[in-house]
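In what follows, a single structure is set out as structure tokens and then discussed.
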Amino acid sequence: MIRPPRRSRSLLLAAAAALALAGCGGAVRVDPPAPDPTAAAACKTLAGLLPQRLDGADRVESEPPSPYVAVWGEGEIALRCGVPRPAAMAPTDQLSTIDGVGWFADPRADTLFTAVTGSGYVEVTISREHQPGIVLGELAAPIKKALPG
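Going letter by letter, the sequence shown gives residues -22 to -1, 1 to 127 in mature numbering (1 follows the signal peptide of the UniProt record, and there is no 0).
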């Protein structure tokens, strides 16, 4: 089901707020998604497979704590597992495949990428300090294992 654009804007604003507040110290604020039961189980598996270091950035705590959210650096990289299908993604859109995972690059936000799997969607926000290809490549193996296509 496609969500109305308002929901997508609020998700983008939440991700942008996480990046903006990253320099404030402490846990990074990221709104956790509310995945359906199938995606929730897969996302909890993914949480245990994610790296402690991603493209040179250490994993840090998120606020509120959630098994569906992971953050690296001072909020430069944020992952949300179990998000809804991106509203901007049309059925005919081509995905970019990196190490076996199909990624939708949101045309409205060049720092927002969503992994499209058979078990759910994984949203990754990447600040300009990091190379998306490297980050998405490092996330591919755990995503493929936890959320098979």
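From the three backbone atoms N, C-alpha and C, an ideal C-beta is built for every residue, glycine too.
Which residues does DSSP list as the beta-bridge partners of residue i?
i	result
Gly80	Thr75 and Val94
Arg37	Trp50
Ala56	Val49 and Thr103
Val8	Its beta-bridge partners do not exist; DSSP assigns none.
Val61	Tyr99
Leu32	Ala35
Report the option in the options whose CA atom is closest to the CA atom of residue i.
i	options	result
Asp77	Asp36, Leu117 and Ala20	Leu117
Arg37	Val61, Gly51 and Ala119	Gly51
Gly111	Ala124, Arg7 and Thr75	Thr75
Glu107	Ser40, Ile55, Gly115 and Ala12	Ile55
Ser40	Leu24, Arg31, Pro10 and Ala5	Ala5
Ala124	Pro64, Asp9, Cys59 and Asp14	Cys59
Val47	Ala19, Leu27, Ala65 and Asp9	Asp9
Asp84	Ala17, Cys21, Ala65 and Gly98	Ala65
Ala12	Gly127, Phe82 and Tyr99	Tyr99
Ser44	Thr23, Gln72 and Pro69	Thr23
Quick test of your reading: residue i and residue j, contact by CB under 8 Å. State the CB separation rounded to the nearest angstrom.
i	j	result
Thr103	Thr92	Not quite, the Cβ-Cβ distance comes to about 10 Å (not below 8 Å), so this is no contact.
Trp81	Leu114	6 Å
Ser97	Ala17	6 Å
Thr95	Pro126	7 Å
Leu28	Pro120	6 Å
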